[in-house]
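Participant: For the record, the sequence lines run as chains B and F.
Residues in the first sequence are numbered from 14 upward in steps of one, following my numbering.
Residues in the second sequence are numbered from 1231 upward in steps of one, following my numbering.
Encoded as structure tokens, here's the structure I'll be asking about.
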Amino acid sequence: MYTNEMKIEFDSKSENEGFARTTVAVFLTQLDPTLEELADIKTVVSEAVTNSIIHGYENKEGKVVVEVRIEDRDITIKITDYGVGIEDISKAREPLYTSKPELERSGMGFAFMEAFMDELDVQSSVGAGTVVTMKKHMEQRK
Amino acid sequence: MEIKLEKTGNTLKVLLGQEVDHHVATQVKEQIGNQIQCGKTKHIIFDFSHTTFMDSSGIGMIMGRYQEVNRLGGKIYVTGIGKEINRILELSGLYKIVTNLDKA
């Protein structure tokens, strides 16, 4: 089985959202993904990293870790923060629910992650942080 | 990331940059807010001609502007929608509150 891994860690600044999704997309170009697959992956990385910055660290300083593992044509993306954690994960995952309506959050973040990836798992403990793990099978290009 | 604002009568046209995420959405919100406070802006047109990426933060930003102009009896329009942005707008149900000028 072919495997390849990468890991980046960066400060929880909104400027880094673009850096994170672009870096992941570039790493995955070795799988020759379709434009749609790449767009989907950029979106989900952006959603999870933005969640860490806004909700996990509430715009305070912290570190966000993004890990990507390739196993043949299956990819796993793991996004970790050490922020406040999520009290009620199933509530947070409900479409249109947001804990921060005053910040004009649409509540669509987890809905996009679910729609664009094959699997989504959210582990969180209050006061310790959150780990979002997403999996997707990349189609073989004809 | 730059955006361009252009005002014609009571309509504000916002030409968005290549990527609209949380970082950019915060700036766009501020700039449009200044324009609305100056008065006379009722309708907003978001021009996505240069935009290839938008996430849920962009959706939230447009929903916020919708609430603002809705109070003034105004509307939100979009134009220049490519494949990627269309997917996001459809999935989020945003077409219920915004009108696509290119399809009108």
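Using N, Cα and C, we set each Cβ at its ideal position, and we do this for glycine too.
Remember, predicted model here, so these are calculated numbers, not experimental data.
Consult DSSP for residue 1280 of chain F and reduce its assignment to one of helix, strand or coil.
Facilitator: As a working mapping, residue 1280 of chain F is identified with position 50 in the second sequence. Residue state, collapsed to three classes: coil.
Participant: Going by alpha carbons, who is nearest to residue 114 of chain B out of F/1287, F/1249, F/1306?
Facilitator: Taking the first residue of the first sequence as 1, we reach residue 114 of chain B at position 101. The option with the nearest alpha carbon to residue 114 of chain B is F/1287.
Participant: If we ignore side chains and look at the alpha-carbon of each, how far apart do residue 44 of chain B and residue 57 of chain B end up?
Facilitator: Position 31 of the first sequence, counted from the first residue, corresponds to residue 44 of chain B. Position 44 of the first sequence, counted from the first residue, corresponds to residue 57 of chain B. Rounded to the nearest angstrom, the two C-alpha atoms are 18 Å apart.
Participant: Rounded to whole angstroms, how far is the Cβ of residue 14 of chain B from the Cβ of residue 85 of chain B, which I believe are closer than 8 Å?
Facilitator: Here residue 14 of chain B refers to the residue found at position 1 of the first sequence. Here residue 85 of chain B refers to the residue found at position 72 of the first sequence. Contact holds; Cβ gap of about 6 Å.
Participant: Using the Cα positions of residue 146 of chain B and residue 1269 of chain F, report the straight-line distance between them to the nearest angstrom.
Facilitator: Position 133 of the first sequence, counting from 1, holds the residue named residue 146 of chain B. Position 39 of the second sequence, counting from 1, holds the residue named residue 1269 of chain F. Answer to the nearest angstrom: the Cα atoms are 46 Å apart.
Participant: Are there 16 or more other CB atoms within 10 angstroms of the CB of residue 1327 of chain F, so buried, or fewer, so exposed?
Facilitator: By one-based count along the second sequence, residue 1327 of chain F stands at place 97. Flag for residue 1327 of chain F reads exposed.
Participant: For residue 1277 of chain F, which residues in chain B fall below 7 Å Cβ to Cβ?
Facilitator: As a position in the second sequence, residue 1277 of chain F is number 47, starting the count at 1. Within 7 Å Cβ-Cβ: nothing; residue 1277 of chain F doesn't reach chain B, min ~20 Å.
Participant: Counting pairs of Cβ atoms below 8 Å between the region 89 to 108 of chain B and the region 62 to 78 of chain B, do you hit three or more?
Facilitator: Counting Cβ pairs under 8 Å, three or more are found: they touch.
Participant: List the endpoints of the continuous beta strand (DSSP E) containing residue 150 of chain B.
Facilitator: On the first sequence, residue 150 of chain B is found 137 positions in, with the first residue counted as 1. Per DSSP, residue 150 of chain B belongs to the beta strand (DSSP E) from 142 to 150.
Participant: Using a Cβ-Cβ cut-off of less than 7 Å, give me the residues of the region 18 to 29 of chain B that come near chain F, in sequence order.
Facilitator: Answer set for the region 18 to 29 of chain B: 27, 28.
Participant: Taking only the alpha-carbon atoms, compute the straight-line gap between residue 99 of chain B and residue 1249 of chain F and give it to the nearest angstrom.
Facilitator: As a first step, residue 99 of chain B must be located in the first sequence, where it is residue number 86. As a first step, residue 1249 of chain F must be located in the second sequence, where it is residue number 19. Cα to Cα, the separation comes out at about 28 Å.
Participant: Out of B/47, B/27, B/20, which one is the CA nearest neighbour of residue 37 of chain B?
Facilitator: By one-based count along the first sequence, residue 37 of chain B stands at place 24. Taking only the C-alpha atoms, the option nearest residue 37 of chain B is B/20.
Participant: Could you name the residues of the same chain whose beta carbon sits closer than 8 Å to that of residue 62 of chain B, not counting the 5 residues immediately before and after it, in chain order?
Facilitator: As a working note, residue 62 of chain B is residue 49 in the first sequence. So the qualifying residues of the chain are 29, 30, 33, 34, 77, 79, 92.
Participant: Assuming residue 60 of chain B and residue 125 of chain B are in contact, meaning their beta carbons sit under 8 Å apart, how far apart are those beta carbons, in whole angstroms?
Facilitator: Locating residue 60 of chain B in the first sequence gives position 47, counting from the first residue. Locating residue 125 of chain B in the first sequence gives position 112, counting from the first residue. With 8 Å as the limit, residue 60 of chain B and residue 125 of chain B qualify as a contact, their Cβ atoms being about 5 Å apart.
Participant: Residue range of the beta strand (DSSP E) that residue 41 of chain B falls in?
Facilitator: Taking the first residue of the first sequence as position 1, residue 41 of chain B is located at position 28. No beta strand (DSSP E) contains residue 41 of chain B, which is instead part of the alpha helix (DSSP H) from 29 to 41.
Participant: Put residue 1246 of chain F into one of helix, strand or coil per three-state DSSP.
Facilitator: Here residue 1246 of chain F refers to the residue found at position 16 when the second sequence is read from its first residue. DSSP places residue 1246 of chain F in coil when its eight states are reduced to three.
Participant: Classify residue 138 of chain B as buried or exposed, calling it buried when 16 or more other Cβ atoms lie within 10 Å of its own Cβ.
Facilitator: Counted from its first residue, the first sequence places residue 138 of chain B at position 125. Flag for residue 138 of chain B reads exposed.
Participant: Please list, in chain order, the chain F residues whose beta carbon lies closer than 7 Å to that of residue 40 of chain B.
Facilitator: Here residue 40 of chain B refers to the residue found at position 27 when the first sequence is read from its first residue. Within 7 Å Cβ-Cβ: nothing; residue 40 of chain B doesn't reach chain F, min ~17 Å.
Participant: With respect to the alpha helix (DSSP H) encompassing residue 59 of chain B, which residues constitute its N-terminal and C-terminal limits?
Facilitator: Working through the first sequence from its first residue, we reach residue 59 of chain B at position 46. Segment 48 to 64, the alpha helix (DSSP H) holding residue 59 of chain B.
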